[in-house]
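A.B. asks:
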Amino acid sequence: MQNRRFGRTGWQISEIGYGMWGLAGWTGSDRKETDDSLNLAVESGVNFFDTAWGYGEGLSERILGDLIKRYPDRKLYAATKIPPKNRKWPSRPEFTLKEVFPADYIVEYTEKSLKNLGTEQIDLLQFHVWEDGWAQEDEWKEAIQKLTKEGKVERWGISINRWEPDNALETLKTGLIDAVQVIYNIFDQAPEDNLFPLCRKMDIGVIARVPFDEGTLTGTLTKETTFPADDWRSTYFVPENLNSSVDHAEALRADLPEGMTMPELALRFILNNPDVHTTIPGMRKLPHVRSNVAVSDGQLLSAETAEKLKQHRWDRQPTEWSQ
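Structure (structure tokens):
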């Protein structure tokens, strides 16, 4: 496992992290299988785990807390997120900070996450949605500075809304945010335009989320794919999105290097960019852990392949189903 320096935090974190969303809200989750997968990840060198209170209303955080207890001799970095008070994902420009992240609420959910994780300090606490229009409001600034001073949170981050990579630039310029989490993959290359250069300049940590485009970049979806009603993907992969996603994935197959799977190419595309410090695929099953961590071998894509992948950029706009 290769490690990368996580911006100005100075942390050396695994370039393959562990996304813990799939432990809640997706069908087929099994606790023993989850714990076995988490253990294998740690033993394979993964030390960065991304969760959120919103993943099962604290369940995913508690699972991570149990993992940390199982490995007292390892430094495992816990990144979690404060859910929006109005429970709306993603945020919208008309939402006010008071509706989404008032100061007392930030403090309340910091305490809840600390309890769930069973730690004295949260390594990285992120806002689960964001609007750059809140950048200059004092309420969130005073709350996070207070919590940092009290030693309850070491570093602060923002999880940027889907397909809105520029919706945090002014906030980052305040100097109070140490990390950003953004959708970045073969299709979603827009963070390269403005976000990554600013993060590089300010030495801000970058977490690439949704490396497989919610499954499209695994190459396993078809236009006939359906999901159970209680699986969030049933409302995300509406026909308009599913059909277009499968078309884009099929177009990508032509540029798949010989002997490489589509999931491997998806991860290698991300790791090929030095502006990214870690990516967080969901890994609920042992074979997924093995295949994902195997990509962290220090090998870069050929210049020819990297150039071809630029042609698969797909700029999308937030819509009612983009969540």
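Number 218 in full-length UniProt numbering belongs to position 218 of the sequence shown; there are no gaps in the numbering.
Cβ coordinates follow ideal geometry from the N, Cα and C atoms, glycine included.
#1: With a threshold of 8 Å on Cβ separation, who are the neighbours of Arg74 within its own chain once the five nearest residues in sequence on each side are excluded?
#2: Determine the contact status of Ile16 and Ser296, defining contact as a CB-CB distance below 7 Å.
#3: What residue range is occupied by the uninterrupted beta strand (DSSP E) comprising Ser44?
#4: What does a CB cutoff of less than 6 Å around Arg8 pick up in its chain, not counting 5 residues either side in sequence?
#5: Using only CA atoms, which one of Ser322, Gly22, Val180, Glu139 lies nearest to Lys98?
#6: Is Ile160 helix, strand or coil when you go by DSSP?
#7: For Leu124, which beta-bridge partners are listed by DSSP?
#8: If we count the other Cβ atoms within 10 Å of its Cβ and call it buried at 16 or more, is Trp130 buried or exposed?
#9: Between which two residues does the alpha helix (DSSP H) carrying Arg290 extend?
#10: Whose C-beta lies closer than 7 Å to the C-beta of Lys112 among residues of the same chain, with five residues either side of it excluded?
#11: Closer than 6 Å by C-beta to Tyr71: which residues in its own chain qualify, once you throw out the five before and the five after it? Chain order, please.
#12: Kindly indicate which three-state DSSP category Arg70 falls into: helix, strand or coil?
#13: Note down the Cα distance separating Pro211 from Asn194, rounded to an integer number of angstroms.
C.D. replies: On the basis of the coordinates in this document:
#1: Same-chain partners within the cutoff: Val42, Asn47.
#2: Result yes, Cβ atoms of Ile16 and Ser296 sit closer than 7 Å.
#3: Counting along the chain, Ser44 sits inside no beta strand (DSSP E), nor does DSSP assign it H or E at all.
#4: Within the same chain, Arg8 has close Cβ partners Asp203.
#5: Here the closest residue by C-alpha is Glu139.
#6: Here Ile160 sits in coil by DSSP.
#7: Residue pairing by DSSP places Leu124 opposite Ala79, Arg155 in a beta bridge.
#8: Buried is the call here.
#9: Per DSSP, the continuous alpha helix (DSSP H) segment holding Arg290 begins and ends at 286-294.
#10: The beta carbon of Lys112 sits closer than 7 Å to those of Trp53, Gly58, all from its chain and outside the five residues before and after it, given in chain order.
#11: Same-chain partners within the cutoff: Val42.
#12: Three-state result, Arg70: helix.
#13: Each residue's alpha carbon lies about 19 Å from the other.
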